[in-house]
Amino acid sequence: MTVSYTLEVANVRFGGFTKLLLRWRGSIYRLLYKDLLVFCGVYLFFSLFYRFLLTPKQQDLFERVALYCDQFTNTNFIPVLFVLGFYVTLAFNRWWGQYTSFPLPDNLMMVVSGNVHGADETGRLLRRTLMRYANLSSVLILRSISTRFSLNFFFQHFNCVQLFFILLCENLKMFESLHSDFNKYWMPLTWFSNLASRAREEGRVRDDIALRLLMDELNNYRAKCSLLFHYDWITIPLVYTQVVTIAVYSFFAFCVIGRQFLNPEKGYKDHKLDLYVPVFTLLQFFFYTGWLKVTQHTHASLVETDFILIM
Amino acid sequence: MTVSYTLEVANVRFGGFTKLLLRWRGSIYRLLYKDLLVFCGVYLFFSLFYRFLLTPKQQDLFERVALYCDQFTNTNFIPVLFVLGFYVTLAFNRWWGQYTSFPLPDNLMMVVSGNVHGADETGRLLRRTLMRYANLSSVLILRSISTRFSLNFFFQHFNCVQLFFILLCENLKMFESLHSDFNKYWMPLTWFSNLASRAREEGRVRDDIALRLLMDELNNYRAKCSLLFHYDWITIPLVYTQVVTIAVYSFFAFCVIGRQFLNPEKGYKDHKLDLYVPVFTLLQFFFYTGWLKVTQHTHASLVETDFILIM
Amino acid sequence: MTVSYTLEVANVRFGGFTKLLLRWRGSIYRLLYKDLLVFCGVYLFFSLFYRFLLTPKQQDLFERVALYCDQFTNTNFIPVLFVLGFYVTLAFNRWWGQYTSFPLPDNLMMVVSGNVHGADETGRLLRRTLMRYANLSSVLILRSISTRFSLNFFFQHFNCVQLFFILLCENLKMFESLHSDFNKYWMPLTWFSNLASRAREEGRVRDDIALRLLMDELNNYRAKCSLLFHYDWITIPLVYTQVVTIAVYSFFAFCVIGRQFLNPEKGYKDHKLDLYVPVFTLLQFFFYTGWLKVTQHTHASLVETDFILIM
Amino acid sequence: MTVSYTLEVANVRFGGFTKLLLRWRGSIYRLLYKDLLVFCGVYLFFSLFYRFLLTPKQQDLFERVALYCDQFTNTNFIPVLFVLGFYVTLAFNRWWGQYTSFPLPDNLMMVVSGNVHGADETGRLLRRTLMRYANLSSVLILRSISTRFSLNFFFQHFNCVQLFFILLCENLKMFESLHSDFNKYWMPLTWFSNLASRAREEGRVRDDIALRLLMDELNNYRAKCSLLFHYDWITIPLVYTQVVTIAVYSFFAFCVIGRQFLNPEKGYKDHKLDLYVPVFTLLQFFFYTGWLKVTQHTHASLVETDFILIM
Amino acid sequence: MTVSYTLEVANVRFGGFTKLLLRWRGSIYRLLYKDLLVFCGVYLFFSLFYRFLLTPKQQDLFERVALYCDQFTNTNFIPVLFVLGFYVTLAFNRWWGQYTSFPLPDNLMMVVSGNVHGADETGRLLRRTLMRYANLSSVLILRSISTRFSLNFFFQHFNCVQLFFILLCENLKMFESLHSDFNKYWMPLTWFSNLASRAREEGRVRDDIALRLLMDELNNYRAKCSLLFHYDWITIPLVYTQVVTIAVYSFFAFCVIGRQFLNPEKGYKDHKLDLYVPVFTLLQFFFYTGWLKVTQHTHASLVETDFILIM
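Residue numbers (our numbering), protein chains in the order written: chain C, 28 to 338; chain A, 28 to 338; chain H, 28 to 338; chain D, 28 to 338; chain E, 28 to 338.
Pasting the structure below:
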């Protein structure tokens, strides 16, 4: 979730990032701690295995395997940084793209309130119905793209959505009667268009230029809904996701063996110290897995954002 | 093909990517397994050749050649990562560009339904014919850019396309009478334009602003068709494709020799263990060839997408 | 803060960047000197600790720890450059994006002055009130995004803002009566829209095309306000900030030990000279921490810019 | 030249890229073979020189020079990859930018055919003359940006261009009478604008909205001509081209000496094998020079494209 | 300055870049030769100092310092490539951005000539005055962003600018009477807007759609002026410039010592040859400093371009 922390950054004096680094909500620690525990457990297992269970001869073999693994994890054999960088950039751009294509009803609302005239009850109802159609459309889109929305939120807030339907019960039947494999988010927008045309005929929209303005804004709104729908429909190709996930996890699978502290007395190169805890490997795990988790994070962030907007 | 897996990602809890990694359809394994088998076969051949067929003296020579090859595959001599990164970014951007330039008839449809009036049969036919022209245009474009479309799909669904032509048989003659080396996708759009003008004269399009709106949307639609056509016509220059393919394949051609496990008893540096299976080289093959295959994949993905939309 | 130095660069002859490098205001030295002092202090502490307080045996252990740390800070174990590069690019793009989405009232002003007619006092007041609404809207946005603005500036200049409110006291009540968790920057723009409609009815805006022009410009202005608001609301995900901060600071935490000058007499590799001052590590600190500080800097720069525009 | 190979890629089954790799037309081999021959010649010369002409003492000196050169070509001393990557990206973006800014007359044509009425001869001539002005403008642009166009094509097809002028002979005098240091591509567009205004006065363009539509499309067309002209006028700064060319060529100048196979019997590090043919250096030459040649290639590709469009 | 060399590139046959590489005007040699001379001088000084002035013991110390420096300049300690790459990309994008936001009067001119009617003297004067206002505005912008313009050009061509003022002397007073800390480039555009409104009232602009077209083009023109002004006002933050300059110059400061040829007889690693001239270091200096100089170059290029356009 996108937790706002701008204010805290801006107030920060020397050393003041500390507080930010220790936050739990929306932080990297929350995303990572389970994976980190598993990694530590497996590393510990191999460490004990090597130190206490193996015969000297088996230790010797283990050491050669470890050196072999270490040799490849230190170099660029597994191009983790490369594929990770590509993937993270991709995911971030999609996230920002999705965000900026969010169909905000503000502009449409302003145009409706300025061009659909009539201070009487009918006029008010007309304006409100138009905006309801627009909101219904974005609710339908959000319900489709956001899993939290569709799972938890759906059941809790169904009444509120139903409320919409009740007001528009003649539309509801129409809506349900059309069966489509795809999201029907565009239907309320068609209703909007028809209602606006009727309002023009009744003279509540005074001239063609105003109607055109309404239609232009509707088209913009619709284009954003459509883009959001397609962002959801067309994901990053599975191939990319598989390559990057396998790269990161296979890298750390080999690290579990290759980064063991070997017996310093045997005098292997770069193995002169037995620290028991592989500090740098844990840091690497932290950075690489952290960046990988970013995709799930950015996906989740949209869900949260939606939530706020619906309220 | 772009297989939707968003839902699965979003529901994922700890360790839950596993299922995603094991999918076959649309996965990297399906793209790669044939190449991987060939690579393993050749590697195995050289391995047996070195171990059993060579005399000690020949083995010595082989070892020196292997060390020489290894030396260059470990460093940046063949800039595989560099050219691959450039190429993959290019291919991905084109794929997304093509996708977003897909001529969706939604906006056009909405404008037609809102501005071409008449509840009678003629009015309905008029609106339907306009949209048919638009759809025909995108069918013509898709048939040209998508090979699966043009090979398999063409024969199966020709009748459906012919159906269009039957309805518009006077146009069909016109269409066939014009010989052009290029795609004639723009012809139906010209018919659309003429028909809309006639509708304006008959008063079915009520004013000039509405006609202009129709024309603007038609232009947008046409611009997207045109962009898609050009994406197909102007490919990534052949030079780039050749450089990247040769880089990757020559890299692995040298790996087949350079990554052989040499006799540990001879004490060559970094050759103290004989694992028989070159785990890291296979991983490298997996990553590099996998990213290269992405271009074919992204091309194929458009084809599938088209298919769905036509249905 | 963005200090203009174009003129100085342009006049520069050979060697003339020197003056620019020595500037304090808006410079990197001002951003960094505190962190640099702390780093030097800790480095000095460990240096003295190693040289004078440890027994020879403890020194030996310290040396091995230092060599171990050094080994990892020299390689790519902590991918500082990678995450830093990604983060800096992100922050810079946001900064420039924010800057270009700044709601400049120029275009709106020109349209108002050209299309709202009337040389009498009422006409002048009408035009001035319209522009005041627009300015009030951007003041509200700026007060929300800029901390310096909201803390210092707010109290000093409240009267000036109040002045606006006094002129529009009937609006003020309306403004305060609406409670919202979000920024109410859009309210003055709604007033603008209503006032423009009234002006059209009174004939001060002569035709619908002129009104449409006004509305189009208002929409552009509003879109920029909205974008700026969202740039502020949706920050770079906290995860990215945490990863990059931890990467940089943990890197230098290990440098403090790993880059100590070890006793040259013990003949450790690459430790043949005791310079006391780790020149290159300080340079590294300067570059890496400097680029990290850039985010704070770019944030601050917007604040300053705002300040100038308000005046 | 941009040779279409999409169809071949799409039909490709396992191993099927082979055919594509062996193509000559539009391929990298055609671009490179002359440079490669020169490089091989020089390498061969030094190889023979070292092996047969030098005294043992001179050989010793040569070996030390070779080792010195080798040391620097193996590391990042000459940042070939870096400058090459930057330059190639730049050149590719310009190429695609130029391509998409190509002034296609389609949209303009459609607007002219839909809005300039009159089925009589004058009407037809009017529409044809308008489009001729537009085409003339792009011919003038293309003649200026494309050298093949201006050298070969110009003389062969001058009559065809003259044909235009004959039809518009009163304009021709005007065109020639105006002397300008810059391309006069904008003149036919001015004639277009004037002719469209006259058509409006004569009632052949029925209303102001249609005229505005014509003018908008003309502006788009003109903007693309202008962009293309500026892409040609403002090249990638010479500094970049010089740096990248010198980087690549100096790199290979040093390789010619540094990558010689030294006498294996002297036991130099990494010189245990005498292959006579420096396989990897040739591959490097192939990749680096290949990417550099891409700029010339992409430039040429535009020329070819133009050619097709003119026909 | 942006020297056009497209023609020469296009005509180039094998080996033909040579001529381009040897050009002086607008070349990298002209930008660099002074810095290169200084670098060589300092290097020579240290070389002589080491060879002739030091006692053997001092030489020993110098050698150790040199080896220490060399060790860090060979690795990535000073991330020159990284910061340089970021900075160069930034500068290039700004340069191209500035170039494309150049306020070309073409479109405005075409709209004025097509919509402001009247073949009499007053009509001609009206059109000319409108364009003069527009040109004056861009002259004011250019005088502010281009130093050469403001220093040399200003005095030589003041009369030409004054000529404008003389024609518009009543405006001149108004212009001078308004005191502003900022560029007053927007004032002539306001006059343009007012004059266009008056022309509409006098019937010289025939309808509101034409007036709106004029205003739209004026707004585009103004937006470009504004963008150019802001490109000039908001420079690349000083912090970036300082970091990159210090990185490059400190790198070469250490190279001056670290790249000295040490006595080959002492058997230091990689110091087996005394070439006196550090060929590779000079090449590095050439590349790195060359890319850094690009910012100054791209800045200057805009100035030249302006010059041509004003003429």
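Every residue gets a Cβ at the ideal spot worked out from N, C-alpha and C, and that includes glycine.
Residue from the options whose Cα sits closest to the Cα of residue i
| i | options | result |
| --- | --- | --- |
| H/N134 | E/S220, E/V304, E/D235 | E/S220 |
| H/E90 | H/K251, H/S277, H/Q287, H/C282 | H/Q287 |
| E/F278 | E/K84, E/L255, E/L111 | E/L111 |
| A/T116 | C/Y267, C/T316, C/E228 | C/Y267 |
| D/V69 | D/L300, D/M136, D/P305, D/T262 | D/P305 |
| H/S74 | H/Y303, H/K320, H/F312 | H/Y303 |
| H/L265 | C/G317, C/I236, C/I284 | C/G317 |
Sub-8 Å separation of residue i and residue j beta-carbons
| i | j | result |
| --- | --- | --- |
| A/Q86 | A/Y77 | yes |
| A/Y258 | A/Q98 | no |
| H/L240 | H/V138 | yes |
| C/L157 | C/L216 | no |
Residue i, buried or exposed, once every other Cβ within 10 Å from all chains shown has been counted against 16
| i | result |
| --- | --- |
| H/F66 | buried |
| C/N120 | exposed |
| H/T127 | exposed |
| E/P130 | buried |
| D/E244 | buried |
Residue i versus residue j: straight-line alpha-carbon distance, rounded
| i | j | result |
| --- | --- | --- |
| A/G150 | A/L108 | 60 Å |
| H/N247 | C/T100 | 53 Å |
| H/P291 | D/T308 | 41 Å |
| A/N142 | A/L153 | 12 Å |
| E/L300 | D/V92 | 7 Å |
| H/K84 | C/L80 | 31 Å |
| H/D147 | C/V232 | 31 Å |
| A/M242 | H/H144 | 34 Å |
| D/A118 | D/Y315 | 15 Å |
| H/F313 | H/L319 | 10 Å |
| H/F281 | H/A274 | 11 Å |
| E/L310 | E/I55 | 13 Å |
| C/W218 | C/E228 | 15 Å |
| C/L238 | A/A237 | 10 Å |
Any chain H beta carbon closer than 8 Å to residue i
| i | result |
| --- | --- |
| E/N375 | Residue 375 of chain E lies beyond the stretch modelled for chain E, which goes from 28 to 338, so this question has no answer here. |
| C/I263 | no |
Min CB distance residue i to chain D below 8 Å
| i | result |
| --- | --- |
| E/M158 | no |
| E/S31 | At E/S31, the pLDDT of 47 sits below 50, so the modelled position is not reliable and the matter cannot be decided from this model. |
Residue-level contact to chain C via CB, residue i, 8 Å cutoff
| i | result |
| --- | --- |
| H/F288 | no |
| H/M242 | yes |
| H/F182 | Interpretation of H/F182 is limited by its pLDDT of 39, a score under 50 that renders its predicted location unreliable; no figure is taken from the coordinates. |
| A/F281 | no |
Proximity test, Cβ basis, 8 Å: residue i and chain E
| i | result |
| --- | --- |
| H/D87 | no |
| D/D97 | no |
| D/A161 | no |
8 Å Cβ cutoff, residue i in contact with chain A
| i | result |
| --- | --- |
| C/S328 | Residue confidence for C/S328 is low, a pLDDT of 46 falling below 50, so the modelled location carries little weight and cannot support an answer. |
| C/Q125 | no |
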